[in-house]
Amino acid sequence: MARIVGFEISSQEPEKAVKFYSTVFEWEIGEPNWGFWTVKSTGQVDIEGGVSKGPHDYPHGTRIQIEVDSIDDTIVKAVDNGAMIVREKMEFEEFFLAYLVDPTGVGFGLIERK
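85 is the number that our numbering gives to position 48 of the sequence shown; each next residue is one higher, with no gaps.
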């Protein structure tokens with residue numbers, strides 16, 4: 038079975054995106070090579086994903102979900118660094134979920150497992 042082994046965040050302002058993700062999520066960002074910055078997020082073994090009909094506020098496109106220890110703390114940190122909340126924290130049976138847009142307009146989700 039083929040599996041997702043990585044991700045790419047596309048942005049028209051990659052330097053701004055690199056600063057945001059390294060500050061908010063403490064990702065290790067490599068030096069640019071041909072306009073591509075490598076990203077290392079430690080502790081991740083598998084990447085889960087899915088396909089669904091897009092909601093009205095995000096009808097199509099690709100969005101990553103980032104697991105965090107505290108969704109509330111991460112939302113504050115993200116907003117303080119220029120993100121905008123698209124969907125406030127929602128509660129599901131096994132996790133909390135929120136959707137934001139980074140300062141360059143790229144959407145992403147935050148997940149906190151219960």
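Glycine residues also receive a C-beta, built at the ideal position from the N, C-alpha and C atoms.
Could you please give the first and the last residue of the uninterrupted alpha helix (DSSP H) stretch that includes Y136? Per DSSP, Y136 belongs to no alpha helix (DSSP H); it is in the beta strand (DSSP E), 132 to 138.
With H, G and I counted as helix, E and B as strand and the rest as coil, what does DSSP make of A39? At A39, the pLDDT of 44 sits below 50, so the modelled position is not reliable; the number obtained from the coordinates is stated separately. The answer is coil: DSSP assigns A39 none of H, G, I, E or B.
Would you check if the region 63 to 79 and the region 111 to 124 touch, i.e. whether three or more CB-CB distances between them fall below 8 Å? Taking 8 Å as the limit for Cβ pairs, the verdict is that the region 63 to 79 does not touch the region 111 to 124.
Could you check where the alpha helix (DSSP H) with F73 kicks off and where it finishes? The continuous stretches of alpha helix (DSSP H) do not include F73, and DSSP gives it neither H nor E.
Roughly how far, in whole angstroms, is the beta-carbon of K151 from the beta-carbon of E131, given that I think they are within contact range, below 8 Å? Under the criterion of beta carbons closer than 8 Å, K151 and E131 qualify as touching, at roughly 6 Å.
Residues in its own chain within less than 8 Å of G146 by CB, not counting five upstream and five downstream? The residues are R100, I101, Q102, I103, L134, A135, Y136, L137.
Determine the DSSP secondary structure at E52, reduced to helix, strand or coil. Residue state for E52 is assigned as helix, using DSSP reduced to three classes.
Given a threshold of 16 other Cβ atoms within 10 Å of its Cβ, counted over all protein chains shown, does D106 qualify as buried or as exposed? Counting Cβ neighbours within 10 Å, D106 comes out exposed, since fewer than 16 surround it.
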